[in-house]
Amino acid sequence: MNATPPGDIGKASGALSMIRQLGGAFGIAITVTVFAQAGGRATPQAFSDGFAAATGVAAVLSLAGAIAGLWLPARRGMALAQAKPALENSLRPTDMA
162 MNATPPGDIG KASGALSMIR QLGGAFGIAI TVTVFAQAGG RATPQAFSDG FAAATGVAAV
222 LSLAGAIAGL WLPARRGMAL AQAKPALENS LRPTDMA
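Residue numbering for the sequence shown follows the working numbering, starting at 162 and increasing by one per position.
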């Protein structure tokens, strides 16, 4: 959001929220599908098999998201560069007179 021009913050916020909601919905749908296909609720063993497969898929999807987040270091650096002057200004002593 720090790299977004002030006039586009509303659009960027809405897009980010929509993408987050879609990611959550698709993540749950994929995990439930894997659970049902790999096992299900018929027996304790089937439940355990489905749960293990679904957890593995969720871990892979989480790892893919983490790698995608690390792939964009320029945005993180830009936000840090903008934050440093603000931090320096907040640490300056003020006149007491």
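C-beta: ideal position from N, C-alpha, C; glycine also.
The model shown is predicted, which means the values in this text are computed figures rather than measured ones.
For the putative contact between residue i and residue j, defined by C-beta atoms under 8 Å, what is the C-beta separation to the nearest angstrom?
| i | j | result |
| --- | --- | --- |
| residue 210 | residue 203 | Not quite, the Cβ-Cβ distance comes to about 10 Å (not below 8 Å), so this is no contact. |
| residue 188 | residue 222 | 6 Å |
For residue i, which residues from the same chain have a beta carbon less than 8 Å from its beta carbon, with the 5 sequence-adjacent residues on both sides left out?
| i | result |
| --- | --- |
| residue 196 | 211, 212, 214 and 215 |
| residue 191 | 218 and 222 |
First and last residue of the alpha helix (DSSP H) that includes residue i?
| i | result |
| --- | --- |
| residue 108 | The question about residue 108 has no answer, for the chain in this structure spans 162 to 258. |
| residue 216 | 205 to 231 |
Quick one: residues in its chain with C-beta nearer than 7 Å to the C-beta of residue i, no 5 flanking neighbours on either side, listed in chain order?
| i | result |
| --- | --- |
| residue 207 | 200 and 201 |
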